[in-house]
Amino acid sequence: MVACLAAGPLAMACRGTVCRLLGVGRPYFDTAGVELALPRGASIRAARSVGATIHVFRHLDEDDRWWIGRIAATAPARLIVDLLDVTPVEAAYAAADDVLQRGWCTPAQIRARWAASRAHRRGVLDAVLLPWVPGPKAGSPKELSLCRVLQLHGLPRPVRQHAVMIPGRARPRYLDLAYPDARVAPEYDGAREHGVRHWERDAQREDELALADWLRLPAGRADLVEPGASAYCNQVRAARAARLAA
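When the sequence shown is numbered by our numbering, its final residue is 1205 and no position is left out of the sequence of numbers.
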């Protein structure tokens, strides 16, 4: 991650470049221009090899230094702190979920870097880290993104990797996210638009869960941002209320 120590549009361009080079925060940074801000003394040859526009700024502390190949870069925790003022905020969420899921840093390291940076966006920081609590590892970063959306819309924190026994099936099904009290399963399904075979697989999964009296509510990319997020969460809220009442 590149040393983005400047303020304003250049700093934002550099952060976007970092996310694009690392493949994190998609799709928000997929078209980011290649602009790199490097600390004094860093080699610019590797940065120029990717066709970057280069800006040199002050020295980067060792604790904040990382590498993308041979390009001097900022550490993952610093990158997430630097993204707290990005617009839309969902871009910061997506980048943080990717970085944390890959194990490049921990929530504690991000909080420590935030405290050291004297940043003033505590509310955004708390939202970024909201779903990242101890528990079973999520299958994908988008599962944590969906978990965050549910919580930010006032729903309880769902259970991760909940086991459900299906009648006639030897092994349990594991639900990415679940509300066991109502038997409602919000589930991120990024490939749900990808053809008949996937729809058939989804239908089989939903049929199996129905045998165990569970309701699966699949979500897609559009449900992670407004207005889809509010509409999806209203659907989950209504389903929980109806099933709890029943």
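Virtual Cβ for every residue (Gly too), placed ideally from N, Cα, C.
Under the three-state DSSP convention, the category residue i falls into
i	result
residue 1141	coil
residue 1038	helix
residue 1054	helix
residue 1122	strand
residue 1171	coil
residue 1185	coil
residue 1114	coil
residue 985	coil
residue 1180	helix
residue 978	helix
residue 1202	helix
residue 1164	helix
residue 1129	coil
residue 1104	helix
residue 1097	coil
residue 1192	helix
residue 1048	helix
residue 1155	Because residue 1155 carries a pLDDT of 48, less than 50, the predicted location of this residue cannot be relied on, and the following value inherits that uncertainty. In this structure, residue 1155 counts as helix in the three-state DSSP scheme.
Burial state of residue i (16 or more Cβ within 10 Å)
i	result
residue 1172	exposed
residue 1102	buried
residue 1149	exposed
residue 1108	buried
residue 1195	buried
residue 1163	exposed
residue 1072	buried
residue 983	buried
residue 1143	buried
residue 1140	exposed
residue 1115	exposed
residue 1185	exposed
residue 1145	buried
According to DSSP, residues forming a beta bridge with residue i
i	result
residue 990	Residue 990 pairs with nothing; no bridge assigned.
residue 1146	1177
residue 1136	1119
ask   = Unbroken beta strand (DSSP E) runs of length 3 or more, entirely within the segment 1066 to 1091: which are they?
value = With a minimum length of 3 residues, no continuous beta strand (DSSP E) run stays inside the segment 1066 to 1091.
inquiry  = Check whether the segment 1171 to 1189 and the segment 1088 to 1095 are in contact - that is, three or more C-beta pairs closer than 8 angstroms.
reply    = Cβ pair count under 8 angstroms is below three, so no.
inquiry  = Quick check: the segment 1060 to 1067 against the segment 1118 to 1136, are at least 3 beta-carbon pairs closer than 8 angstroms?
reply    = no
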